[in-house]
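Chemist: Before I ask anything, here is the structure I am working with.
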Amino acid sequence: MTKHMIIVENIEDWSPYFPSEQVIDADTYLQSLSQQAHALAQIINLCRSLDYLSRGYYCSMVAEARGHRVLPGLRTINDLSRKSLYAYDLSDLSSQLDKQLGTAPSSESFVLRICFGQTPISSLQKLARQLFEHFSCPILDVEFSYKDHWIISQIKAGAINKLSESEQDFFAEALDNFSHRLWRKPAKRREYRYDMAILHNPAEEMPPSDMVALKKFISSGRRLGIDVELITPKDYI
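See below:
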């Protein structure tokens with residue numbers, strides 16, 4: 001029988017919520033034999049960290065290897081790890097920020113916490129849902145900055161153990177709403193014939209190609225069936 005399973009880094013992270021047999025810690029999941037875990041086909045990974053080689057990263061990697069449907073998947077984790085990867089994907093959304101956030105901000109920056117595509121700020125619900133569709137991660141912390149116009153300055157995975165009491169209540173409600181939906185595969189990503197990596201240095205004062213030119217490279221490549229990815233020297237250090 002197919003089950004929903006929630007993975008936490010430490011079982012104490014689930015202490016603010018009702019106990020459930022569906023909640024296990026990361027070590028238990030990683031150490032279980034794939035044959036024993038075959039029914040755990042739908043996984044929500046709530047580990048504290050999703051950094052490369054962390055327990056959270058391994059949980060999503062093992063889940064995909066076992067054929068389980070996991071949130072977040074490795075593609076989302078990797079996309080969130082480098083701004084050079086997600087900046088292009090958000091270019092269309094970023095152009096709508098001034099309309100949704102207004103052009104007379106009371107502060108120059110703020111962080112929006114999104115739980116399963118939901119936010120307690122009703123006016124930003126559409127934006128929260130769009131971001132969740134781009135990056136299907138249980139908790140997203142999205143930082144917005146204003147300098148003549150609004151930009152998304154950072155997106156990272158949030159941690160369940162960092163939620164305040166009011167956020168815990170909202171998270172539980174969002175999780176309940178999400179887990180009652182039918183899990184379905186997202187729209188299939190386009191498959192490309194070739195992969196191409198462009199090495200660039202975002203900190204270079206006079207780069208041979210600026211970000212506008214790089215975005216054109218990416219767009220042109222994808223039209224030709226080439227998956228173009230921006231990388232930096234630190235990706236290989």
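For the sequence shown, full-length UniProt numbering puts the final residue at 237, and the numbers step up evenly by one.
Backbone N, C-alpha and C fix where the C-beta goes; we use that ideal spot for every residue, glycine too.
(1) Check whether the segment 5-16 touches the segment 42-54, taking contact to mean three or more Cβ pairs, one atom from each stretch, closer than 8 Å.
(2) Should the segment 165-179 be regarded as contacting the segment 204-212, the criterion being three or more beta carbon pairs within less than 8 Å?
(3) On the criterion of 16 or more Cβ atoms from any shown chain inside 10 Å, does I160 qualify as buried, or is it exposed?
(4) Measuring only the C-alpha atoms, how far is D27 from C59?
(5) Starting from the C-beta of L182, find all residues in its chain whose C-beta is less than 7 Å away, skip the five residues before and the five after it, and write them out in chain order.
(6) Excluding the 5 residues flanking S145 on each side, which residues of the same chain have their C-beta closer than 7 Å to its C-beta?
(7) Taking the alpha helix (DSSP H) that A203 falls in, what are its first and last residues?
(8) Please give the ranges of any alpha helix (DSSP H) in the UniProt domain "RimK-like ATPgrasp N-terminal" (27-174), keeping only runs that are unbroken, at least 4 residues long and fully inside the region.
(9) Do L131 and G117 come within 9 Å of each other at the CB atom, strictly closer than that value?
(10) DSSP on E12, reduced to helix/strand/coil?
(11) Note down, in chain order, each residue of its chain lying with its Cβ closer than 8 Å to the Cβ of S219, except the 5 sequence neighbours on either side.
Modeler: In brief:
(1) They touch, by the three-pair rule.
(2) Judged by Cβ distances under 8 Å, the segment 165-179 makes no contact with the segment 204-212, as fewer than three pairs qualify.
(3) Buried.
(4) Computed Cα separation, rounded: 9 Å.
(5) Low confidence applies to L182: its pLDDT is 40, below 50, so where it sits in the model is not reliable, and the reading given next is rough at best. Closer than 7 Å at the Cβ level, and outside the excluded window around L182, lies no residue.
(6) Excluding sequence neighbours, S145 sits near E108, S109, I151 and S153.
(7) Note, A203: premise wrong, no alpha helix (DSSP H); not H, not E.
(8) Segments of the alpha helix (DSSP H) lying fully in the UniProt domain "RimK-like ATPgrasp N-terminal" (27-174): 55-65, 74-81, 83-89, 91-94, 97-101 and 125-134.
(9) Yes, these two residues count as a Cβ contact at 9 Å.
(10) Helix at E12.
(11) Excluding sequence neighbours, S219 sits near nothing in its chain.
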